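Novice: Input: one structure, supplied below.
Residue numbers (the working numbering), protein chains in the order written: chain A, 1 to 404; chain B, 1 to 108.
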């Protein structure tokens, strides 16, 4: 099948591209499926000053370098939106909006996040008529006008300062007490010193007002509970992000109530061969540098997983000899003793069988596949097919009789 | 990109003189949302060949056009039929939404 890959990465931001670089370099047949512009949300950042090795670089330029780097290792790219997945089987399948189907041995989920909507009255209706989410795209439309910025994180304050290049005045609506912003200290200081920026403290936005275009906003003071109106021609929302993981709901992959995917140190999700990296996973720091680290970790973990899968296929499923698949648990004495006995019996009968040991603690997928709950357990396979299961007794003769 | 780019003059001719039923996307080069919406229109265009026109305006190159429609952001897709403005779609719109709007304009 032409659409079969070793590794498919969903999402082409810094996490996905880093995973692609490692996957490509490990000679995995790797495909990145990305629905928008390569680089993802990093493209909305005009200036990055904390990615090691780049003193100052624009988001799009940095992502072009990531992209080129991945391409140099032979990674394939497809511009499409993934709409459904089946990740619970050994062969993972992925369907796109245009009806294309792909399969892979391992999948890395790197879909990132998207701006959160507040869902307040007027927000949706006046989108593009004064309600905006991207300063680079839209700030220029507010030349000489009054603009409100909602939020006080890095993005809100930095974008707010950019908007002052065009707008007459920028009013920042902040949840916190006077003087407290969520953004970094350098940006906060710059904002406080910018004569075009004003702040409204302890406030939230309740409604965007206007008929055809934005005419103002309705604010609520959190301390007093009183409402007030503020005239403006534009509102920019920077109120955080939500993970783009909706298509994964009910696919068996674990997602927390906010939509983020929990993973372990290896970026493994609850499903075998499925990894989550970057902004769509539960994590402490959401930056390009940490996304890149995630991608590298997941790609290496996926590479090892695929390697194990391939070894199992060639050692067990395609073995000329019959295989005794022995499920072991190193913590159970009886399991270890049984293993020794099984090897002894086999060698006494001219090594008729090939014994393959499976550690139940690390190879959970295999135990699950063969529905093994306790160790020791032995499955006899001929040409990859199960022909019987042994009764695991610590009695040499009884064991021998089962193997004849 | 297969969308024909319009300037003030060609906009006048196609929308108001020829009265073509069509859409015009107002976009700019460094807008990341535009980069998702424009290719979607590109792919949609062949299905409407001869029935509905697809055009493109770069707001940086033709400022007077966006000012004329008092647009407050990109991307925005404006719809026209018989030389009259038929409404717009703003921001990141889905293919289905555009198709529905085209059907509405064509059936009006």
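For glycine and all other residues, C-beta sits at the position ideal for the given N, C-alpha and C.
On a predicted model such as this, the values are computed, not experimentally measured, just so you know.
Mind checking which residues open and close the alpha helix (DSSP H) that includes residue 340(A)?
Specialist: Its alpha helix (DSSP H) spans residues 333 to 348.
Novice: Quick check on the DSSP output: the beta strand (DSSP E) that includes residue 18(A) runs from which residue to which?
Specialist: No beta strand (DSSP E) holds residue 18(A); the alpha helix (DSSP H) holding it covers 14 to 25.
Novice: Count the other CB atoms, across all protein chains shown, that sit within 10 Å of the CB of residue 155(A); report buried if there are 16 or more and exposed otherwise.
Specialist: Label assigned to residue 155(A): buried.
Novice: Here's the rule I'm using: 16 or more other beta-carbon atoms within 10 Å means buried, otherwise exposed. How should residue 224(A) be labelled?
Specialist: Label assigned to residue 224(A): exposed.
Novice: Can you tell me the Cβ-Cβ gap for residue 5(A) and residue 102(A), rounded? I've got them flagged as a contact below 8 Å.
Specialist: Between residue 102(A) and residue 5(A) the Cβ distance is about 7 Å, and since that is below 8 Å, they are a contact.
Novice: If you measure beta-carbon to beta-carbon, which residues of the stretch 135 to 152 of chain A are closer than 7 Å to chain B?
Specialist: Within the stretch 135 to 152 of chain A, the residues whose Cβ lies closer than 7 Å to some Cβ of chain B are 136, 137, 138 and 141, listed in chain order.
Novice: Can you list the residues of chain A that residue 73(B) reaches, using a CB-CB cut of under 7 Å?
Specialist: Per Cβ cutoff of 7 Å: 128, 132, 137, 138 and 141.
Novice: Please tell me whether residue 198(A) and residue 219(A) are closer than 8 Å, where the distance is taken between their beta carbons.
Specialist: No, these two residues do not count as a Cβ contact at 8 Å.
Novice: Anything in chain B within Cβ reach of residue 24(A), meaning under 7 Å, just list it in chain order.
Specialist: Those do not exist, as residue 24(A) stays about 24 Å from chain B at its closest Cβ, beyond 7 Å.
Novice: What residues of chain A sit near residue 91(B), judged by a beta carbon separation below 8 Å?
Specialist: Going along chain A in sequence order, the residues near residue 91(B) (Cβ under 8 Å) are 127, 128 and 133.
Novice: Tell me which residue opens and which closes the beta strand (DSSP E) that residue 97(B) is part of.
Specialist: Per DSSP, residue 97(B) belongs to no beta strand (DSSP E); it is in the alpha helix (DSSP H), 95 to 107.
Novice: Look at the alpha carbon of residue 70(B) and the alpha carbon of residue 129(A), and state the distance between them as a whole number of angstroms.
Specialist: Cα to Cα, residue 70(B) sits roughly 8 Å from residue 129(A).
Novice: Assign residue 75(B) to one of two classes, buried (16 or more other C-beta atoms within 10 Å of its C-beta) or exposed (fewer than that).
Specialist: When all chains shown are included, residue 75(B) counts as buried.
Novice: Let me make sure I understand the geometry here. Which of 280(A), 12(A), 151(A) and 210(A) has the alpha-carbon closest to that of residue 188(A)?
Specialist: When each option's Cα is compared against that of residue 188(A), the closest is 151(A).
Novice: For residue 259(A), go through chain B and note every residue whose CB falls closer than 7 Å to its CB, in chain order.
Specialist: Under the 7 Å cutoff, chain B gives no residues; its nearest Cβ is about 18 Å from residue 259(A).
Novice: Examine chain B for any beta-carbon lying closer than 8 Å to the beta-carbon of residue 164(A), and answer yes or no.
Specialist: Output row for residue 164(A): interface = no.
Novice: Who are the near neighbours of residue 168(A) in its chain, counting only those whose CB is closer than 7 Å to its CB and skipping five residues on each side?
Specialist: So the list reads 144, 145 and 146, once near-sequence residues are dropped.
Novice: Which same chain residues, not among the five before or five after residue 42(A), have their C-beta less than 8 Å away from its C-beta?
Specialist: Closer than 8 Å at the Cβ level, and outside the excluded window around residue 42(A), lie 13, 14, 48, 59, 60, 62, 63 and 288.
Novice: Do the stretch 132 to 140 of chain A and the stretch 28 to 42 of chain A touch if we need at least three Cβ pairs shorter than 8 Å?
Specialist: No, the stretch 132 to 140 of chain A does not touch the stretch 28 to 42 of chain A.
Novice: With 16 as the cutoff for other CB atoms within 10 Å, does residue 106(B) come out buried or exposed?
Specialist: Classification for residue 106(B): exposed.
Novice: Please report how far the alpha carbon of residue 104(A) lies from the alpha carbon of residue 382(A), in whole angstroms.
Specialist: Their backbone Cα atoms lie some 26 Å apart in a straight line.
Novice: Taking all protein chains shown into account, do 16 or more other C-beta atoms lie within 10 angstroms of the C-beta of residue 244(A), making it buried, or fewer, making it exposed?
Specialist: So residue 244(A) ends up on the buried side.
Novice: Give every residue of the same chain whose Cβ lies closer than 6 Å to the Cβ of residue 109(A), excluding the five residues on either side of it in the sequence, and list them in chain order.
Specialist: These residues qualify, in order along the chain: 10 and 276.
Novice: Measuring CB atoms only, is the stretch 237 to 255 of chain A touching the stretch 167 to 186 of chain A, in the sense that at least three cross pairs come out at less than 8 Å?
Specialist: Because the criterion of three Cβ pairs below 8 Å is not met, the stretch 237 to 255 of chain A and the stretch 167 to 186 of chain A do not touch.
Novice: Identify the continuous alpha helix (DSSP H) that holds residue 54(A) and give its terminal residues.
Specialist: Where residue 54(A) is concerned, there is no enclosing alpha helix (DSSP H), given that its DSSP letter is neither H nor E.
Novice: Helix, strand or coil for residue 376(A)? Go by DSSP, reduced to three states.
Specialist: Correct three-state label for residue 376(A): coil.
Novice: Would you be able to state if there are at least three C-beta pairs under 8 Å between the stretch 163 to 182 of chain A and the stretch 262 to 273 of chain A?
Specialist: Result no; under three Cβ-Cβ pairs closer than 8 Å.
Novice: Can you grab the Cα-Cα spacing for the pair residue 333(A) / residue 297(A), in whole Å?
Specialist: Going by the C-alpha atoms only, they are around 34 Å apart.
Novice: Is the beta carbon of residue 318(A) sitting closer than 8 Å to the one on residue 252(A)?
Specialist: For residue 318(A) and residue 252(A), no; Cβs fall outside 8 Å.
Novice: Can you confirm whether residue 2(B), when its beta carbon is compared against all beta carbons of chain A, has any partner nearer than 8 Å?
Specialist: Residue 2(B) does not count as touching chain A.
Novice: Report the residues of the stretch 25 to 51 of chain B with a CB closer than 8 Å to any CB of chain A, ordered along the chain.
Specialist: Answer set for the stretch 25 to 51 of chain B: 28, 30, 31, 32, 33, 34, 35, 36 and 39.
Novice: For residue 405(A), which residues from the same chain have a beta carbon less than 8 Å from its beta carbon, with the 5 sequence-adjacent residues on both sides left out?
Specialist: The shown model of chain A, from 1 to 404, leaves out residue 405(A), and the question about it has no answer.
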